[in-house]
Amino acid sequence: MRTALGEINWKGTVRTNSIGTPLKGLSLAGCLLVAIQFVYMFEMNAWAGSPPPSKSTKVAGDAERGRAVFNGKGVCYYCHGMDGNMEQRPQLAADTAALIAQLNPPPADLRSPKSLRLTSDNARAKAIRKGHPGTGMFPDTTMTDQELADTLSYLTLLRREGSPNGK
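Have a look at this one:
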């Protein structure tokens, strides 16, 4: 509704549209708020760029790096032996060796598929991160996601190679 040349009477347009039909539940302020929200949303998305990868994004593992973690930082070899060979455990302090010898059930032979109860990488990752209930395996919270993925790749390789004793 125009009152004079170039002037708009907003009072009448708040309640009716341009052809005089009443607007139900909408006000100029409401329309402006919705428009501002859309503009803000699109501008923020453009400014922010692509979203960061989700935590469920899998990290590709490298078996050779996993071997280094297994036989080093991860201390997996204390119980499972160097390169998963149960007969090649490192020289440990007497009390540590005695505790490992008393574990019931004993540590799994990672080269023998028959002795492995965990059948998926998800289950193995959970056991490494949180410990393995019913065993002496303690949680390892120091491994990075990359080191965990590398270790899982190495464990897959150990299962494929099999036990050196033919078990």
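The C-terminal position of the sequence shown is numbered 189 in my numbering, with every residue numbered one higher than the one before it. Built from N, CA and C at the ideal position, the CB exists for glycine as well.
Alpha-carbon spacing of residue i relative to residue j, whole angstroms
| i | j | result |
| --- | --- | --- |
| Pro128 | Ser137 | 10 Å |
| Ile122 | Ala130 | 12 Å |
| Phe92 | Tyr99 | 6 Å |
| Pro112 | Ala119 | 9 Å |
| Arg146 | Gly96 | 14 Å |
| Glu109 | Gly184 | 14 Å |
| Arg139 | Val81 | 24 Å |
| Pro116 | Thr141 | It is worth fixing the name first, because residue 116 is Ala in this sequence and not Pro. Using only the alpha carbons, I get a separation of about 33 Å. |
| Met104 | Glu169 | 17 Å |
Residue i in three-state terms, based on DSSP
| i | result |
| --- | --- |
| Ser137 | helix |
| Pro73 | At Pro73, the pLDDT of 46 sits below 50, so the modelled position is not reliable and the matter cannot be decided from this model. |
| Asn67 | Note that Asn67 has pLDDT 49, beneath the 50 cutoff, so the model's placement of it is unreliable and the number below is only indicative. Asn67 falls in the helix class under three-state DSSP. |
| Phe92 | helix |
| His154 | coil |
Proximal residues to residue i (C-beta, below 7 Å), its chain only, five neighbours per side dropped
| i | result |
| --- | --- |
| Gly83 | Ala171, Asp172, Leu174 and Ser175 |
Sub-7 Å separation of residue i and residue j beta-carbons
| i | j | result |
| --- | --- | --- |
| His102 | Leu132 | yes |
| Asp162 | Ile150 | yes |
| Leu114 | Gly158 | no |
| Pro135 | Arg181 | yes |
Other residues of its chain near residue i: CB distance less than 6 Å, five sequence neighbours each side excluded
| i | result |
| --- | --- |
| Leu179 | Ala85 |
| Arg89 | Tyr176 |
| Asp143 | Leu174 |
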